[in-house]
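Below is one structure, written out as C-alpha cells, with a few remarks after it.
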Amino acid sequence: MDQIKASEQEQGTSLWKDAWIKLSKNYLALFGLSVLALLCIVSLLTPWIAPYGYEEQNLILGASAPSLEHWLGTDIFGRDMLTRIMYGGRVSLTVGFIATAVALIIGVLWGAIAGFVGGRVDAVMMRIVDIMYALPFMIFIVLLMVVFGRNILLLFLAIGAVEWLTMARIVRSQVMSLREQEFVEAAHSLGLSQWTIIRRHIIPNTLGPVIVYTTLTIPSVMLLEAFLSFLGLGIQPPQSSWGLLINYGVETMEEYPWLLIFPGVTLSLTLFALNFLGDGLRDALDPRTSKD
Amino acid sequence: MWRFALNRLLQAIPVLLIVISATFLLVHSAPGGPFSAEKNVPPEVIKALEAQYNLDQPLWQQYINYLGDVVQGDFGPSFKYSGRTVNELIAAGLPATAELALYAMLVALVIGISAGVTAAMRPNTVQDYLPMSAAMLGICMPSFLLGPLLVLVFGIHLEWLPVSGWGDMPGDKIMPAITLGTGYAAYIARLSRGGMLEVLSQDYIRTARAKGLSEPVIIFKHAMRGGLIPVVAFLGPAFAGLLGGSFVVETIFQIPGLGRFYVQAAFNRDYTMILGMTIFFATLIILFNLLSDMLAIWLDPKLRQQARGNN
C-alpha cells in the first residue's frame, strides 16, 4: 500500500514541469521560442556582428537588389539593409520589452491591490479601468507624441500606460478567486503566515496567466510602435525601427520592393513567433487542460 | 434595458468631461504656441493672432469658454486652415471615414464569422487549422504592411485596381476596405470560433441534435445566437480600433477622411483641430461601446437579467 502511494507521488509533476513538457510538444510554440531567442541574441550582438556600419553609405552603389555582398540589398543611399534591419530590431525589441515591463508593473500592482483589498477600493479601481477601456488610446498616444515631441522614453511610458488595463483585470480576477480557494483556507488553518500564503500560494498561481499575457503583450506593443513609427510619430531618425524601415520602404516600393518586403517579413515573422509562443504558453499553463 | 442605457449614458458625461479637460490641458501645456512655427512674425502680429483666438486670456477663462462651446457642439476655428472651423473639417472628412469603416467592418464580419464558425464545426481537424492559421497570419500582418503589399501586387504589377483615391475610379474602395478589415476579420474569427465551441458543447444543442434537427438549423438558428455574443461585445472596441487604423489606411490610399486629417493636424500642430477631433472620436467610441454592449445584452438572456438586477 505504502509503495503504491510512493510511486504515485513520484509521478506527480509540478505545474511548471508539466507546463514545460506540454510546451516542448508544441512545435509552433518551440519555433516561436527559438525565433525570439535568436532575435534577442542577434540584437545584443548587433554592433559586433553586423556586416556593415549603421550609417555606412555607398552612394555610388545606391539601391541595389540582394547580392552576395549585401544579402538583403541596399537602400537608396547604398546602406546595407541587413545591418539596418538588425539595428532597427534592437529598437523595436527594446520598445517591446520595456513598454511591456511598464504595463506589467502597473497592471499587476493595480490588479493585485484591487483583488486583495476588495470592497469599495476594488470597485473604484476597476471602474477606472472600465472607463479607460472606453477611451481612444491610439489617439491619445498620437496626441502625447505631438505635444511633447517624439521622445523614446515617452513612447515607452505612453504605450505601457495603454497596455496595462487587461493585465490588471486578469490579475485581479485571479487574486480574487484564489483568495476564496480551499487550499488557501487550508494554508490559513495550518497556521501559515499571510506573507507565506501570498508568496507560496497566491503568486505562483497568478504567475501563469501573467506570463501568458505578457508574452501576448509584447507583440501588440511592437505593433503599436511600428504603427506610430510608420505614421512618422514614433521613433525618429537617426534612430531606426522596423516600423520606420517599412515607412521608408513604402516610399520606394515601386522601384525597390525589397526595401519594403524584408523589414515587413521580419516584423511579421517576429509577431508570428511571439503570438505562437503566447498561445502555446496559454495551453501549457492552463491547469484545465493539464488533466488529459 | 433602457434604464441600463440611460445609466451608461449618464456615466459617459463625467468620462467625456475628463477627456475634454485632459486633452485641453495637455494641448495647452505643449511647449511653444501654435504660431511659434512661423518664422519672422513680428510680435504685434502674434499678439493680434492670439487675441483673435482668445489665447491672451487666462487659461481657466479659455477652458470655460471652450467647454461652453463644446457643449453646444462648436469646436472653434482651425489654427492652420484659416477661415475654416474644426466642425467644417470634421464634416468634410466624416463621410469617407464612415464609409471606409462600414466596408471594413463588413469585410471583417463576413470573413471572420464564416471562418470562425467553419473552424468550430470540426475542431482540431484541417477544417479548423486552415482558417485559424490564416487568422493568425491576419493578426500578424499589420495594415501598414498589408496595404502597401496589396498596392504593389494588385495595383502596380497586375494593374487590376487603382492604387489610391476614394470614389474617383471604380474599385478604388476595395483595397482600403480589405486592408483595414483583415486584422479585425482575424480577431473575429478567433472570437467566433471560441464562442461557437462553447455553445456547441451545451445541453440545449444536444437536445436539438436529439430532436433530429438538421445541422444547418442547429448551427444557424440555435448555436449562432449565443456563440456570436463575444463578437458582438467586440464590435465596440473594434470600432475604436477602426478609427485608429483609418489613420494608416487613409494615409496609404490618400483618402480624404478624418484619419488623414488627424495625422495632418498632428504634423501641423493644429491644436484646435487635434483637440476637437480627439473629443469627437472619444464621443463616438463611447457611443459605439454602449451600442455594442446593448446589443450583447439583447442577445444574451443571462446578461439581460443581470442588467435588470443591477439597475
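Those sequence lines, one after another, are chains A and B. Just so you know, the working numbering puts 254 at position 254 of the first sequence, and the rest follows in order with no gaps. If you count the second sequence from 1, you need to add 292 to reach the working numbering. Just so it is clear, CB atoms sit at the ideal spot from N, CA and C, and this is done for glycine as well.
Check, Outcome
"I356 (chain B) versus F580 (chain B): straight-line alpha-carbon distance, rounded", "28 angstroms"
"Under 9 angstroms (Cβ pairs) to chain B, residues found in the stretch 223 to 240 of chain A", "L223, A226, F227, F230, L231, G232 and L233"
"Beta carbon proximity, L260 (chain A) to chain B, threshold 9 angstroms", "yes"
"The stretch 447 to 459 of chain B: positions lying closer than 8 angstroms to chain A by Cβ", "I448"
"Residue range of the unbroken alpha helix (DSSP H) whose run includes Y256 (chain A)", "Here Y256 (chain A) belongs to no alpha helix (DSSP H), and DSSP marks it neither H nor E."
"Any chain A beta carbon closer than 9 angstroms to I310 (chain B)", "yes"
"Neighbourhood of P454 (chain B) by C-beta, 6 angstroms cutoff - its chain only, sequence neighbours within 5 removed", "M461 and D464"
"Through-space distance from E380 (chain B) to L547 (chain B), alpha-carbon basis", "Note on identity: in this sequence residue 547 (chain B) is Ile, with Leu being the wrong assignment. Rounded to the nearest angstrom, the two C-alpha atoms are 17 angstroms apart."
"Contacts of E254 (chain A) in chain D (Cβ-Cβ under 8 angstroms)", "Checking the listed chains, one finds no chain D in this structure; the protein chains it contains are A and B."
"Endpoints, the alpha helix (DSSP H) within which M126 (chain A) is located", "G119 to Y133"
"Same chain, Cβ closer than 6 angstroms to S290 (chain A), five either side skipped, listed in chain order", "Any reading at S290 (chain A) is ruled out, since the residue's pLDDT is 41, under 50, leaving its predicted position unreliable."
"Close Cβ partners of S220 (chain A) (< 8 angstroms) along its chain, the five nearest in sequence each way excluded", "E163"
"Cβ shell of A427 (chain B) (< 6 angstroms), same chain only, five flanking positions each side left out", "A478, A481 and R482"
"At least three beta-carbon pairs within less than 8 angstroms, the stretch 206 to 216 of chain A to the stretch 137 to 151 of chain A", "no"
"Beta-carbon separation (whole angstroms), I578 (chain B) vs F531 (chain B), contact threshold 8 angstroms", "Rounded, the Cβ-Cβ distance is 11 angstroms, inconsistent with contact."
"Own chain partners of M1 (chain A) with C-beta closer than 7 angstroms, once the 5 adjacent residues on each side are dropped", "A caution first: M1 (chain A) carries a pLDDT of 45, below 50, which makes its placement in the model unreliable, though a value can still be read off. Cβ neighbours of M1 (chain A) beyond the five flanking positions: none."
"Listed by chain order, chain B residues near P257 (chain A) by CB distance under 7 angstroms", "L444"
"Cutoff 6 angstroms; reference T252 (chain A); Cβ partners in own chain excluding five residues on either side", "L259"
"Rounded separation between P440 (chain B) and V402 (chain B) - CA only", "23 angstroms"
"D585 (chain B) to Q494 (chain B) span [Cα, whole Å]", "23 angstroms"
"Check whether M516 (chain B) and M488 (chain B) have beta carbons under 9 angstroms apart", "yes"
"Contacts of S193 (chain A) in chain B (Cβ-Cβ under 9 angstroms)", "Correct list: empty, because the minimum Cβ distance to chain B is about 38 angstroms."
"Within-9 angstroms CB hit, R501 (chain B) to chain A", "no"
"Within chain B, the residues that N58 (chain A) reaches when beta carbons sit closer than 9 angstroms", "Correct list: empty, because the minimum Cβ distance to chain B is about 26 angstroms."
"Residues, ordered as in the chain, of the stretch 548 to 559 of chain B that lie near chain A by beta-carbon distance below 8 angstroms", "Y554, V555, A558 and F559"
"Same chain, Cβ closer than 8 angstroms to T543 (chain B), neighbours up to 5 away in sequence not counted", "G551, R552 and V555"
"Buried versus exposed, by CB contacts within 10 Å (16 or more), H449 (chain B)", "exposed"
"Interface partners of V540 (chain B) on chain A, CB under 9 angstroms", "F227, F230 and L231"
"Within chain A, the residues that M428 (chain B) reaches when beta carbons sit closer than 8 angstroms", "F272, N275 and F276"
"Residue interval of the alpha helix (DSSP H) (run including L228 (chain A))", "I203 to L231"
"Residue range of the unbroken alpha helix (DSSP H) whose run includes I544 (chain B)", "I521 to I544"
"Among A:A63, A:L228, A:Y52 and A:M86, the one whose alpha carbon lies nearest that of L39 (chain A)", "A:M86"
"Interfacial residues, the stretch 146 to 163 of chain A to chain B, with Cβ spacing under 7 angstroms", "V146 and V147"
"Beta-carbon spacing of S370 (chain B), M565 (chain B) below 9 angstroms", "yes"
"For P440 (chain B), the residue or residues it bridges with in DSSP", "Per DSSP, none; premise fails for P440 (chain B)."
"First through last residue of the alpha helix (DSSP H) which encompasses P334 (chain B)", "First-last for P334 (chain B): undefined, no H or E at that position."
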